[in-house]
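Asks: The sequence shown runs contiguously to residue 547 in UniProt numbering.
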Amino acid sequence: MAIVPPHRIPVIVGVADVIDRPADLAQAREPAALMVDALLGAFHDAAGSAAPSLLAALDSLDIVAEHSWPYAEPCDVLTARLGHTPKRCVYGVAGGESPVRFIHAAALRIASGDSTVAAVVGAESQHSVAAASKQSVQLPWSPRGSNAGLLRGKDLCHPIAISHGMTQPVHVYPFYENAATAAWGQTPVEAMRESAELWSNFSSVAAETPSAWLKQSYSADQLATPSQDNRPVAWPYTKHMVANPFVNQGAAVVLTSLAKARELGIAEERCVFIQAGARAIEPRDYLLRDQYQRSYAQEAVLEAMRDAATRLRSETARSFAREIPSRLDTEGSLARQTLGQIDIAGSGSRNGALLFDAVELYSCFPIVPKMARRALALPTKARLTAIGGLSFFGAPLNNYMTHAAAGLVRQLRNQHDGLALLYGQGEFVTKHHALLLSSSPPEHDLAAIDDDVQARADRQRRPVAELIDDFSGSAALETFTVVYGRGSDPDFGTVIACTHAGHRLMARVAASDSSSLQALTNLSTTPIGRVGQVTRGADNLLYWTVT
Numbered sequence: 001m002a003i004v005p006p007h008r009i010p011v012i013v014g015v016a017d018v019i020d021r022p023a024d025l026a027q028a029r030e031p032a033a034l035m036v037d038a039l040l041g042a043f044h045d046a047a048g049s050a051a052p053s054l055l056a057a058l059d060s061l062d063i064v065a066e067h068s069w070p071y072a073e074p075c076d077v078l079t080a081r082l083g084h085t086p087k088r089c090v091y092g093v094a095g096g097e098s099p100v101r102f103i104h105a106a107a108l109r110i111a112s113g114d115s116t117v118a119a120v121v122g123a124e125s126q127h128s129v130a131a132a133s134k135q136s137v138q139l140p141w142s143p144r145g146s147n148a149g150l151l152r153g154k155d156l157c158h159p160i161a162i163s164h165g166m167t168q169p170v171h172v173y174p175f176y177e178n179a180a181t182a183a184w185g186q187t188p189v190e191a192m193r194e195s196a197e198l199w200s201n202f203s204s205v206a207a208e209t210p211s212a213w214l215k216q217s218y219s220a221d222q223l224a225t226p227s228q229d230n231r232p233v234a235w236p237y238t239k240h241m242v243a244n245p246f247v248n249q250g251a252a253v254v255l256t257s258l259a260k261a262r263e264l265g266i267a268e269e270r271c272v273f274i275q276a277g278a279r280a281i282e283p284r285d286y287l288l289r290d291q292y293q294r295s296y297a298q299e300a301v302l303e304a305m306r307d308a309a310t311r312l313r314s315e316t317a318r319s320f321a322r323e324i325p326s327r328l329d330t331e332g333s334l335a336r337q338t339l340g341q342i343d344i345a346g347s348g349s350r351n352g353a354l355l356f357d358a359v360e361l362y363s364c365f366p367i368v369p370k371m372a373r374r375a376l377a378l379p380t381k382a383r384l385t386a387i388g389g390l391s392f393f394g395a396p397l398n399n400y401m402t403h404a405a406a407g408l409v410r411q412l413r414n415q416h417d418g419l420a421l422l423y424g425q426g427e428f429v430t431k432h433h434a435l436l437l438s439s440s441p442p443e444h445d446l447a448a449i450d451d452d453v454q455a456r457a458d459r460q461r462r463p464v465a466e467l468i469d470d471f472s473g474s475a476a477l478e479t480f481t482v483v484y485g486r487g488s489d490p491d492f493g494t495v496i497a498c499t500h501a502g503h504r505l506m507a508r509v510a511a512s513d514s515s516s517l518q519a520l521t522n523l524s525t526t527p528i529g530r531v532g533q534v535t536r537g538a539d540n541l542l543y544w545t546v547t
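1. I'd like to confirm the pairing. Which residues does DSSP put opposite residue 249 in its beta bridges?
2. Which class does residue 436 belong to by DSSP, given the choice of helix, strand or coil?
3. From the DSSP secondary-structure annotation, give me the bridge partner or partners of residue 291.
4. Within its chain, find whatever has a CB closer than 6 Å to the CB of residue 211; leave out the 5 residues flanking it on each side and keep chain order.
5. Grouping DSSP H, G and I as helix and E and B as strand, with all else coil, what is residue 146?
6. Beta-carbon separation of residue 90 and residue 65 under 8 Å?
7. Any idea what DSSP makes of residue 254, helix, strand or coil?
8. Which residues in the same chain have their Cβ closer than 8 Å to the Cβ of residue 113, if we skip the five residues on either side of it in sequence?
9. Please state whether DSSP places residue 75 in a helix, a strand or coil.
10. Distance cutoff 8 Å, beta carbons only. Does residue 518 sit that close to anything in chain C?
11. Taking the alpha-carbon of residue 314 as reference, which of 159, 417, 40, 21 has the nearest alpha-carbon?
12. So for residue 153, helix, strand or coil by DSSP?
13. How would you call residue 154, buried or exposed, if buried means at least 16 neighbouring beta carbons within 10 angstroms?
14. My assumption, with CB atoms under 8 Å, is that residue 41 sits in contact with residue 252. Please give the rounded CB distance.
15. Who are the near neighbours of residue 46 in its chain, counting only those whose CB is closer than 7 Å to its CB and skipping five residues on each side?
16. Alpha carbon to alpha carbon, how far is residue 462 from residue 495? Give it in angstroms, no decimals.
17. If you count every other CB in all the chains shown that lies within 10 Å of the CB of residue 85, and 16 or more means buried, which is it?
18. Which residues bound the beta strand (DSSP E) around residue 275?
19. I'd like to confirm the pairing. Which residues does DSSP put opposite residue 484 in its beta bridges?
20. Does the segment 219-229 come within contact of the segment 398-416, defined as at least 3 CB pairs closer than 8 Å?
21. Apart from the five residues on each side of it in sequence, which residues of its chain come closer than 6 Å, Cβ to Cβ, to residue 413?
22. For residue 35, report the span of its alpha helix (DSSP H) as first-last.
23. Can you give me the C-alpha to C-alpha distance between residue 239 and residue 230, rounded to a whole angstrom?
24. Check whether the segment 286-296 and the segment 453-468 touch, using three or more Cβ-Cβ pairs below 8 Å as the test.
25. So, residue 507 versus residue 534, is the Cβ gap smaller than 8 Å?
26. Measuring straight from C-alpha to C-alpha, what distance separates residue 187 and residue 527?
27. Judging by CA-CA distance, which residue of 122, 281, 104, 124 is the nearest neighbour of residue 115?
28. Just verifying my parser: in three-state terms, what is the DSSP assignment at residue 232?
29. What is the rounded straight-line gap between the Cα of residue 410 and the Cα of residue 387?
30. Which residues does DSSP list as the beta-bridge partners of residue 474?
31. State the start and end residues of the unbroken alpha helix (DSSP H) segment that holds residue 160.
32. For residue 87, which beta-bridge partners are listed by DSSP?
33. Leaving out five residues before and five after residue 126 in sequence, what residues of the same chain have Cβ atoms less than 8 Å from its Cβ?
34. Comparing alpha-carbon positions, which option in 81, 109, 71 lies nearest residue 88?
35. Based on Cα-Cα distance, which residue from 31, 513, 213 lies nearest to residue 21?
36. Residues in its own chain within less than 6 Å of residue 392 by CB, not counting five upstream and five downstream?
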C-alpha cells in the first residue's frame with residue numbers, strides 16, 4: 001500500500017476549552033472574546049513558543065454559528081480581535097453536527113493541498129446574556145447584530161407542526177424516544193431507567209471534566225424522579241435529561257499537515273489523525289419521515305465508522321502479526337500475549353466495544369445516544385462521552401462537538417494505536433456526521449475516501465404516509481409526547497397518529513383530558529398502537545381522545 005506523503009496527512013495539533021463564570025456581569029466575556037481565548041489556547045497547546053508562527057500560517061477559519069450574541073459580521077469581529085486575517089474565514093451554517101462537519105472539511109482541504117493551517121472555533125455566552133436580561137443590565141460588549149439570521153425551529157417545520165406549537169427540539173425528540181421504546185420492546189419505566197443510568201454516567205464524567213459547566217454527579221434515581229429541581233419537561237424527559245444551553249463556554253481546534261507539524265517541531269505523539277468520515281441526512285421536515293423508531297441516516301453514518309474501524313483494526317493486527325517473528329526474539333511472551341488480544345478476524349465488526357478506545361455520541365436528549373449505541377453494537381455500560389454530555393458538560397448550542405473533539409484529542413494523545421469516534425447530530429435527528437480519529441497515521445489518503453453514505457440510508461426508507469389536517473374518526477397512535485408547564489402540570493399532549501386509510505395526522509390532547517393523558521404516561525405499558533377518536537376543536541386543531 002502506498003504511503004501517504006506527510007504534506008497530505010491532516011492532523012489535529014491543538015485544542016482548547018474556555019469557560020467564563022463572572023462574579024459580576026460587568027466582567028462577563030462576550031462570545032468573540034471567548035473564541036479568541038480558545039483559539040490562542042489551541043495554538044499554544046499545539047506549538048508552545050512556536051504558536052505565533054503557526055498562527056501566522058493560519059489560512060482557513062470556520063466559525064461555528066453563534067446565537068447568544070449575534071454579530072453583524074462575525075469574521076470581521078473575530079479576526080480583528082485575533083490580530084490575524086486568514087485567506088478564508090467562513091461563518092458556518094447552524095447545526096449540532098457542524099463542528100464535526102467543519103473539522104472534516106478543514107482536514108480535506110489540507111489533504112488536497114488547499115490549506116496549510118486551519119482552525120474551527122465557537123463560543124456562547126448564553127448564561128451571561130440571560131442573567132443580564134433578567135437583571136436589566138446592559139452588557140458592555142461589541143454591538144449586537146440582528147437576530148434575523150438565526151435559525152429557528154419554525155424554519156424547519158411543517159405548517160401543521162407550527163400550528164400545534166411542536167417546533168422545538170424538546171418537543172420533537174420525545175417522538176423518537178416513545179416510538180423507539182415500543183419498537184425495542186421496553187416498557188416506559190424500563191426505557192426511563194436506561195436513560196437515567198446513561199445520564200448518570202454522563203454526569204459522573206462531567207464532574208471530572210475541568211471545563212464542564214455542571215460538576216455534579218447524579219444518581220439514576222435522582223434523574224428519573226421528577227422533583228422541584230428536576231421538573232418534567234416533555235414526556236418522558238425531565239429537566240436534567242435535556243440539553244442545558246445556559247452556559248458561557250468556548251472551544252477551538254487547530255489542524256495542519258503532518259509535514260507542517262514536523263517543521264514546527266510538534267511531537268508526533270501529540271498529533272491526532274483523521275482516518276475517515278461519514279455524513280448523511282434525514283428529510284428535514286420531521287412530519288415527512290416514514291417512522292420515528294430509528295434514524296437511517298444515523299445508522300448509515302455509524303455503520304460506516306464501524307466498518308472503517310474494523311478495517312483499521314484488522315490492518316493493524318496483520319501488520320503486528322508480520323512483525324511477530326522478529327519481536328519474539330526481543331519481547332518474548334509479551335508479544336505472544338499482545339497477539340492473543342488482537343482481533344485479526346475482524347469480529348469487532350459485531351462488537352463495537354472491541355473497536356473504539358473512546359467515543360463521543362451526541363447527547364442533546366437520551367434517545368440520540370441510545371439509538372447510536374445500538375447502531376454501534378456497544379454494551380449498555382459503555383462510556384459514550386469523553387466530556388460529559390450536553391446536559392452536564394453544557395450545551396453551548398451548536399458548539400458542543402468542538403469541546404467533544406478537544407476531549408477526544410486529549411484522550412488519544414495518551415494512547416498507542418488508539419481509535420476514537422466523534423459523532424455529531426443536528427436539527428431534529430436530521431443531520432449526521434462522524435469522524436474516526438486515531439493516534440496513528442493513516443495508510444489511506446483522506447481526500448480519496450467517499451464520505452457520503454446518503455444512498456445507504458435512503459435504501460432503508462419506506463413510503464411516507466400522506467399527511468392530512470382534515471379528519472374525523474379513529475386513528476392509531478404512532479408516537480406522542482406530553483408537554484409540561486413550569487409548575488409541572490401538563491399543558492397538553494401531542495400525538496402523531498395513523499388513520500385506517502393509512503394517512504398521518506398530528507393532534508392535540510387537552511390538558512383537561514385526564515384519561516388520555518394517563519394512558520399516554522402509563523409507566524407499565526406503552527400506548528403506541530392504541531386507537532383514539534379524532535375530532536376538530538374550537539381552536540381549529542385536531543384533538544385525539546383515547547377510546
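By construction, the Cβ of each residue, glycine as well, lies at the ideal position given by its N, Cα and C atoms.
Computed from a predicted model, the values in this text were never measured in an experiment.
Replies: From the atom records:
1. Position 249 of the sequence shown holds residue 249. For residue 249, which the question treats as bridged, DSSP gives the partners 19, 124.
2. Here residue 436 is taken as the residue at index 436 of the sequence shown, counted from 1. In the structure shown, residue 436 adopts extended strand secondary structure according to DSSP, grouped into three states.
3. Locating residue 291 in the sequence shown gives position 291, where the first residue counts as 1. When DSSP reads this structure, residue 291 sits in no beta bridge, so it has no partner.
4. Start at 1 with the first residue of the sequence shown, and residue 211 comes out as number 211. Sequence-distant Cβ neighbours of residue 211 in its own chain, meaning closer than 6 Å and more than five residues away, are 17, 19.
5. Indexing the sequence shown from 1 puts residue 146 at position 146. Residue 146 falls in the coil class under three-state DSSP.
6. Walking along the sequence shown from the start, residue 90 turns up at place 90. Walking along the sequence shown from the start, residue 65 turns up at place 65. No, the Cβ-Cβ distance between residue 90 and residue 65 is not below 8 Å.
7. Stepping through the sequence shown from its first residue, residue 254 is reached at position 254. Here residue 254 sits in strand by DSSP.
8. Your numbering for residue 113 matches position 113 in the sequence shown. Leaving aside the five residues that flank residue 113 on each side, the residues in its chain whose CB is nearer than 8 Å to its CB run, in chain order, 7, 8.
9. Here residue 75 refers to the residue found at position 75 of the sequence shown. Correct three-state label for residue 75: helix.
10. Here chain C cannot be found, since the structure has a single protein chain.
11. Working through the sequence shown from its first residue, we reach residue 314 at position 314. Between residue 314 and the set 159, 417, 40, 21, the nearest pair of CA atoms involves 417.
12. By one-based count along the sequence shown, residue 153 stands at place 153. Reduced to three states, the DSSP call for residue 153 is helix.
13. To locate residue 154, count along the sequence shown from 1; it is residue 154. Residue environment for residue 154: exposed (fewer than 16 other C-beta atoms within 10 angstroms of its C-beta).
14. Stepping through the sequence shown from its first residue, residue 41 is reached at position 41. Stepping through the sequence shown from its first residue, residue 252 is reached at position 252. Indeed they touch by this definition, with Cβ atoms about 7 Å apart.
15. Here residue 46 corresponds to residue number 46 of the sequence shown, with the count starting at 1. Correct list, in chain order: 13, 14, 54, 254, 266.
16. On the sequence shown, residue 495 is found 495 positions in, with the first residue counted as 1. On the sequence shown, residue 462 is found 462 positions in, with the first residue counted as 1. If you draw a straight line from the Cα of residue 495 to the Cα of residue 462, it is about 21 Å long.
17. If you number the sequence shown from 1, residue 85 lands on position 85. By the 10 Å Cβ count, residue 85 comes out exposed.
18. For the purposes of this step, residue 275 is taken as the residue at position 275 of the sequence shown. Counting along the chain, the beta strand (DSSP E) containing residue 275 begins and ends at 272-281.
19. Residue numbering aside, residue 484 sits at position 484 when the sequence shown is read from its first letter. 490, per the DSSP bridge assignment.
20. No, because fewer than three Cβ pairs between the segment 219-229 and the segment 398-416 fall closer than 8 Å, the two stretches do not touch.
21. To locate residue 413, count along the sequence shown from 1; it is residue 413. Closer than 6 Å at the Cβ level, and outside the excluded window around residue 413, lie 270.
22. Start at 1 with the first residue of the sequence shown, and residue 35 comes out as number 35. Counting along the chain, the alpha helix (DSSP H) containing residue 35 begins and ends at 31-47.
23. In the sequence shown, residue 239 corresponds to position 239, counting from 1. In the sequence shown, residue 230 corresponds to position 230, counting from 1. It is roughly 5 Å from the alpha-carbon of residue 239 to the alpha-carbon of residue 230.
24. In this structure the segment 286-296 touches the segment 453-468; the number of beta carbon pairs closer than 8 Å is three or more.
25. By one-based count along the sequence shown, residue 507 stands at place 507. By one-based count along the sequence shown, residue 534 stands at place 534. Yes. Within cutoff.
26. Within the sequence shown, numbered from 1, the residue matching residue 187 stands at position 187. Within the sequence shown, numbered from 1, the residue matching residue 527 stands at position 527. Residue 187 and residue 527 have their C-alpha atoms roughly 10 Å apart.
27. Counting from one through the sequence shown, the residue named residue 115 turns up at place 115. Closest by alpha carbon: 104.
28. Within the sequence shown, residue 232 is the residue found at index 232, counting from 1. When secondary structure is reduced to three states using DSSP, residue 232 falls in the strand class.
29. Here residue 410 is taken as the residue at index 410 of the sequence shown, counted from 1. Here residue 387 is taken as the residue at index 387 of the sequence shown, counted from 1. Distance between the alpha carbons of residue 410 and residue 387: 11 Å.
30. Your numbering for residue 474 matches position 474 in the sequence shown. Note: residue 474 sits in a beta bridge opposite 533.
31. As a working note, residue 160 is residue 160 in the sequence shown. For residue 160, the enclosing alpha helix (DSSP H) starts and ends at 159-163.
32. Here residue 87 is taken as the residue at index 87 of the sequence shown, counted from 1. Answer by DSSP bridge pairing: none, since residue 87 is not bridged.
33. The count along the sequence shown starts at 1 and reaches residue 126 at position 126. Excluding sequence neighbours, residue 126 sits near 67, 68, 245, 246, 247, 248, 396, 397.
34. Residue 88 sits at position 88 when you count from the first residue of the sequence shown. Closest by C-alpha distance to residue 88, out of 81, 109, 71, is 109.
35. Within the sequence shown, numbered from 1, the residue matching residue 21 stands at position 21. With distances taken between Cα atoms, residue 21 lies closest to 213.
36. Here the question's residue 392 lines up with position 392 in the sequence shown. So the qualifying residues of the chain are 202, 203, 206, 214.
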